[in-house]
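**Q**
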Amino acid sequence: MPGAKVRTEAPHRMPWTVSEQDFTEGCTRCGKCVEACETAIIITGDGGFPEVDFQRGECTFCGVCADACPVPVFVSREQSPWQKVAEIGESCLSFQSTECRSCRDMCEYSAIRFRLQAGNVAQPVLDVDECSGCGACIKPCPVNAITMSDNNN
Ligand code: SF4
Ligand code: SF4
Ligand code: SF4
Numbered sequence: 001m002p003g004a005k006v007r008t009e010a011p012h013r014m015p016w017t018v019s020e021q022d023f024t025e026g027c028t029r030c031g032k033c034v035e036a037c038e039t040a041i042i043i044t045g046d047g048g049f050p051e052v053d054f055q056r057g058e059c060t061f062c063g064v065c066a067d068a069c070p071v072p073v074f075v076s077r078e079q080s081p082w083q084k085v086a087e088i089g090e091s092c093l094s095f096q097s098t099e100c101r102s103c104r105d106m107c108e109y110s111a112i113r114f115r116l117q118a119g120n121v122a123q124p125v126l127d128v129d130e131c132s133g134c135g136a137c138i139k140p141c142p143v144n145a146i147t148m149s150d151n152n153n
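Written as structure tokens, this is what we have:
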């Protein structure tokens, strides 16, 4: 259908959530997490289920969404919050020889470094081991080159 919006990736649930199947079975779509999120990155997504929209900002791992939730769809915060890592796509300005370091400047985990390259501007390199998946680098990117993916390695 022309103009129809087709979803190409699974929604990002909040940190410390149970598996996708258990989440959609357990979540009552009450919206309490949406109201509670301190950075307002939780939106009401497909089917009325809450999901994280990193275009709105970052996750601070405050845990308020988990605290606000009345049903057991969040695991203990002693566990890893999620397996997400950022990915820098081909539209990155640096890959087109234009100087930009906006993402690095926002990353408090120092997961994005710039490698000097002869005859070109410095190129970003993302350290997946350091990346928390917070998403702080996504909104500031002027060309929307950064996406979040699930690192299941
Ligand atoms: S941990 Fe905090 S910032 Fe992250 S999604 Fe939950 S309420 Fe929002
Ligand atoms: S902010 Fe975007 S365009 Fe700029 S260096 Fe980072 S990924 Fe590339
Ligand atoms: S998602 Fe967060 S930790 Fe990972 S590169 Fe972006 S700002 Fe850094």
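So for the sequence shown, UniProt numbering puts the first residue at 1; every next one is plus one.
Ideal Cβ positions, reconstructed from N, Cα and C, are used throughout, including at glycine.
From a predicted model like this one, the values you see are computed outputs, not experimental measurements.
Who pairs with residue 123 in a beta bridge, going by DSSP?
**A** Paired residues: 115.
**Q** Taking the alpha carbon of residue 45 as the point to measure from, which residue in 11, 58, 103 has its own alpha carbon closest?
**A** Minimum Cα distance to residue 45 is reached at 11.
**Q** Select from 148, 34, 14 the residue whose C-alpha is nearest the C-alpha of residue 80.
**A** Ranking 148, 34, 14 by Cα distance to residue 80 puts 14 first.
**Q** For residue 73, which residues of its own chain have a beta-carbon under 8 angstroms away from its beta-carbon, when the five flanking residues on both sides are left out?
**A** Same-chain partners within the cutoff: 17, 18, 22, 23, 26, 27.
**Q** Just to confirm my understanding: we take residue 70, look at its own chain, exclude 5 residues before and 5 after, and list those with CB closer than 8 angstroms. What are they?
**A** These residues qualify, in order along the chain: 28, 30, 32.
**Q** Would you kindly check if the distance between the Cβ of residue 134 and the Cβ of residue 59 is under 7 angstroms?
**A** The answer is yes: Cβ separation under 7 angstroms.
**Q** For residue 57 and residue 151, I'd like the C-alpha separation in whole angstroms.
**A** Cα to Cα, residue 57 sits roughly 20 angstroms from residue 151.
**Q** Shorter than 6 angstroms, the distance from the beta carbon of residue 143 to the closest heavy atom of ligand 2, or not?
**A** Because some heavy atom of ligand 2 lies under 6 angstroms away, the Cβ of residue 143 counts as near it: yes.
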